[in-house]
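Trainee: Below you will find the structure I want to go over with you.
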Amino acid sequence: MNYRKGSGSAMVEYIVGVAVLMFAMFYVPFEGVSLVEYLYEAFKRSYQAFLYALSIPI
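For the sequence shown, numbering that gives the first Met the number 0 assigns the number 0 to the initial residue and increments by one for each residue that follows.
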């Protein structure tokens, strides 16, 4: 059998897949902002709510 013919093809597929995901996360607008910015703002709001809940006296 000749394994050299298909050698390295999986790495190319992973690189293409990661490139597509990076493009989707950073460049495709989601409600006017990139997905990364949208997720960052969501986590920031969630953490602010968590800190507020922690600061309430029992």
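Cβ atoms here follow ideal geometry from the backbone N, Cα and C, with glycine treated the same way.
By Cβ distance, which residues of its chain are closer than 8 angstroms to M24, with the 5 residues on each side in sequence left out?
Mentor: The answer, listed in chain order, is S33, L34 and V35.
Trainee: With a cut-off of 8 angstroms on the beta carbons, I'd call Y37 and E30 a contact; round off their distance for me.
Mentor: With 8 angstroms as the limit, Y37 and E30 qualify as a contact, their Cβ atoms being about 7 angstroms apart.
Trainee: On the DSSP letters alone, give me the boundaries of the alpha helix (DSSP H) that E40 sits inside.
Mentor: L34 to S54
Trainee: Going straight from the alpha carbon of Y13 to that of Y26, what length do you get?
Mentor: 19 angstroms
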